[in-house]
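Residue numbers (the numbering used here), protein chains in the order written: chain A, 1 to 259; chain B, 1 to 334.
Below is one structure, written out as structure tokens; comments come after it.
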Amino acid sequence: MSKRIDVSDLDVYYGDFLAVEGVTMAIEARQATALIGPSGCGKSTFLRTLNRMHEVIPGARVTGKALMDGQDLYGSDVDPVTVRRQIGMVFQRPNPFPTMSIADNVLAGVRLNNRRMSKGEQQDLVEQSLRGANLWNEVKDRLERPGSSLSGGQQQRLCIARAIAVKPQVLLMDEPCSALDPISTLAIEDLIAELKSDYTIVIVTHNMQQAARVSDRTAFFNIAGTGKPGKLIEMDDTATMFSSPREQATEDYISGRFG
Amino acid sequence: MALTTTPRRSGTSPDGEQVDAGAAVRAASTGRVGSRVFAGLSTGAGVLILLTLAAVAVFLVIRAWPALTASSEELGDISWFNGDSVAEYVGPLIFGTLLASVLALLIAVPVSVGIALFISHYAPRRLAQSLGYLIDLLAAIPSVVYGLWGALWLLGVVDPFFEWLSGALGFIPLFADYQAPAKNILSASIVLAVMILPIITAVSREVFLQTPRLHEEASLALGATRWEMVRQAVLPFGRSGVISASMLGLGRALGETMAVLMVISPGFLYSFHLLQPGQHQTIAANIASKFPEASGLSVSALIATGLALFVITFAVNFVARWIIARRAEFSGAN
């Protein structure tokens, strides 16, 4: 239930503006890959190209290749909707559907697939997904309450439950903890450690300790200046990146000298 | 602590601080005057609304009173009066008003929501903008023009359609026995629907545009198609807004006079024959048609029907508020 992604020579454009240039990267299955770098370096933009979410913005496009287990994500016969059903995403700010109950939020993705499920199956899936997101014990007595009645950290775990309920191959996380307090952050980090035994995880983070704690591999993005495209500077095992990076820029960034 | 934070008055300070303290007090007091003036103005505006409303209600009750208390013989002297009391007279009118308005809503709301969604989520930006202007323009057409349009053009156009409807679905009493010309309540409702379309579309469009991007993206990231995203994120979020918009439209339809007056051939029946003339009349159109020749008690009787319309409009708004409040917890507001 998890696949690897190989990206080669990927350029990302917003209209004529080249936002990210020439990314080549291998994202291993069943590992957590962290994308770090200063603001505006294109790491979130790059992340959104992996499930074709970035096409939602008018004028945004991509050249280059992105293969998931050899299948071209940008093939002419590939529907972005299918890609997104296989590659789930968790956003920076928790975004459960405010008009749905907690249980309905978890089932939102499954219902899209038009799969008919019995009540029992639905309940099982809700429980299983909420357990997978370490939220079950906190919400099991109030599954019919609105999703917006939860705290920020709980909402974010609800979003993770919603994403894993459709059993994706890959889980993308765009700064999932940046709107959360330290305790909720810890809960999510613990969850990532558990999830990576089942899913391929790519996480964008501004917090370098977080990258060091949760990821197996780390990629460092940087930008030469405003209006210039963001680039992948280097990528390596997390331990190596944080102890002996090859590039000076990486060392400057992780030691806090800029960014 | 208490000692050090005691407020210092200007004049008690031994040195140059006296000036600063004075300036601070002055600044604070002009600010206070400003906010007091503003508070007064906004309270006044709020009170004014209530007063106006109360004045209208009081006027209606006072002027309607003679008719409400009149005997059936007195009322029977009015040439056009049918029934033994005002309540009996106004009953079919209320029925006709509600029927025409509800039919208009049934036609207008789906179309409006469709247009609003097209403008907010499907159309290319430039087309969306010009379409938006065009819809707003519809709202600027005077209702008497709508009436002319309805009476002189629409009646002819819907005639074959009604003919067909009555033939194909005539076994349903609603559509039985169509009689040309189409001066029936369904034609009036179509005109009303076109009239309330702009307001419902404009408000719905604004609400749909306010759907948080976060929720739209949440839906798309789960693998929703555009329509599924609209159903999952946009429509639930806009639900209360669409209800409010519909109520605004309903309010306009309930009170609309000219368009109905010019299209419908009036009647005073509790009838569900939508395709027959001489079955229905609305309160507003009835007042407009009878008022020029009314005097004395008959004016009073007409005003009593106006009071009924006032109460209905109020009730409709309360029900709408209640519908919206019932699911406030699940709305996008929190």
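Even for Gly, the Cβ is constructed at its ideal location relative to N, Cα and C.
What's the C-alpha gap between residue i and residue j?
i	j	result
Arg32 of chain B	Ser42 of chain B	15 angstroms
Met173 of chain A	Glu138 of chain A	23 angstroms
Ala26 of chain A	Thr45 of chain A	17 angstroms
Asn184 of chain B	Gln92 of chain A	57 angstroms
Asp6 of chain A	Phe208 of chain B	38 angstroms
Leu174 of chain B	Ala128 of chain B	38 angstroms
His54 of chain A	Val263 of chain B	53 angstroms
Trp164 of chain B	Leu154 of chain B	16 angstroms
Ala57 of chain B	Arg145 of chain A	42 angstroms
Phe118 of chain B	Ser85 of chain B	50 angstroms
Glu88 of chain B	Ala288 of chain B	20 angstroms
Ile188 of chain A	Pro245 of chain A	27 angstroms
Gly278 of chain B	Gly96 of chain B	11 angstroms
Asp236 of chain A	Val113 of chain B	52 angstroms
Ser149 of chain A	Ile102 of chain A	9 angstroms
Asn82 of chain B	Val299 of chain B	15 angstroms
Asn134 of chain A	Leu143 of chain A	14 angstroms
Gly46 of chain B	Thr52 of chain B	10 angstroms
Asp124 of chain A	Ala163 of chain A	16 angstroms
Ala315 of chain B	Ile196 of chain B	19 angstroms
Tyr13 of chain A	Lys231 of chain A	13 angstroms
Please list, in chain order, the chain B residues whose beta carbon lies closer than 9 angstroms to that of residue i.
i	result
Leu186 of chain A	Near Leu186 of chain A there are no residues of chain B at all, since even the closest Cβ is about 24 angstroms away, more than 9 angstroms.
Met53 of chain A	Glu217, Leu220 and Ala221
Ala108 of chain A	Ala218, Ser219, Leu222, Ala224 and Gln232
Val166 of chain A	Leu222 and Gly223
Name the two residues that bound the continuous beta strand (DSSP E) containing residue i.
i	result
Leu235 of chain A	A small fix is needed here, since residue 235 of chain A is Met in this sequence, not Leu. Looking at the DSSP string, the run of the beta strand (DSSP E) that includes Met235 of chain A is Gly230 to Asp237.
Ser8 of chain A	Ile5 to Tyr14
Ala26 of chain A	Phe17 to Ile27
Ala60 of chain A	Ala60 to Met68
Val90 of chain A	Ile87 to Val90
Phe220 of chain A	Arg217 to Ile223
Met117 of chain A	No beta strand (DSSP E) holds Met117 of chain A; DSSP gives it neither H nor E.
Counting contacts by CB-CB distance shorter than 9 angstroms, is residue i in contact with chain B?
i	result
Arg85 of chain A	yes
Val170 of chain A	no
Ala219 of chain A	no
Pro132 of chain A	According to the sequence displayed, residue 132 of chain A carries Gly and not Pro. No - not a single Cβ of chain B is within 9 angstroms of the one on Gly132 of chain A.
Ala26 of chain A	no
Ala103 of chain A	no
Arg162 of chain A	yes
Cys177 of chain A	no
Cys41 of chain A	no
Using a Cβ-Cβ distance cut-off of 9 angstroms, determine whether residue i contacts chain A.
i	result
Leu220 of chain B	yes
Glu217 of chain B	yes
Gln232 of chain B	yes
Can you name the residues of chain A whose CB is closer than 7 angstroms to the CB of residue i?
i	result
Glu228 of chain B	Leu112
Count the other CB atoms, across all protein chains shown, that sit within 10 Å of the CB of residue i; report buried if there are 16 or more and exposed otherwise.
i	result
Lys119 of chain A	exposed
Asp16 of chain A	exposed
Asp262 of chain A	An answer regarding residue 262 of chain A cannot be provided, because it is not within the stretch 1 to 259 covered by chain A.
Thr238 of chain A	buried
Ile183 of chain A	exposed
Asp104 of chain A	buried
Ala161 of chain A	buried
Ser246 of chain B	buried
Glu293 of chain B	exposed
Gly249 of chain B	buried
Val145 of chain B	exposed
List, in chain order, every chain A residue whose beta-carbon is nearer than 8 angstroms to that of residue i.
i	result
Leu214 of chain B	Phe91, Arg93 and Asn95
Name, please, each residue of chain B whose Cβ falls closer than 8 angstroms to the Cβ of residue i.
i	result
Val126 of chain A	Going along chain B, no residue has its Cβ under 8 angstroms from Val126 of chain A, so there is no contact; the nearest lies around 15 angstroms.
Val81 of chain A	Gly223, Ala224 and Thr225
Gly88 of chain A	Ala221 and Leu222
Val139 of chain A	The contacting residues do not exist; Val139 of chain A stays about 16 angstroms from chain B at best.
Kindly list, in the order they appear in chain A, the residues whose Cβ is closer than 9 angstroms to that of residue i.
i	result
Phe237 of chain B	Phe97, Pro98 and Thr99
Where do the ends of the alpha helix (DSSP H) carrying residue i lie?
i	result
Arg213 of chain B	Arg213 to Ala221
Asp214 of chain A	According to the sequence as given, residue 214 of chain A is Val; it is not Asp. Where Val214 of chain A is concerned, the enclosing alpha helix (DSSP H) stretches over Met208 to Val214.
Glu93 of chain A	Reading off the sequence, residue 93 of chain A comes out as Arg, not Glu. No alpha helix (DSSP H) holds Arg93 of chain A; DSSP gives it neither H nor E.
Arg321 of chain B	Leu297 to Arg326
Ile196 of chain B	Ile185 to Leu209
Met262 of chain B	Met258 to Val263
Leu269 of chain B	Element bounds for Leu269 of chain B: n/a, residue is neither H nor E.
If the cut is a Cβ gap below 7 angstroms, which residues of chain B does residue i touch?
i	result
Val56 of chain A	Glu217 and Leu220
Can you determine whether any heavy atom of the ligand NAP sits closer than 8 angstroms to the C-beta of residue i, and answer yes or no?
i	result
Arg61 of chain A	This structure lacks the ligand NAP, and indeed carries no ligand of any kind.
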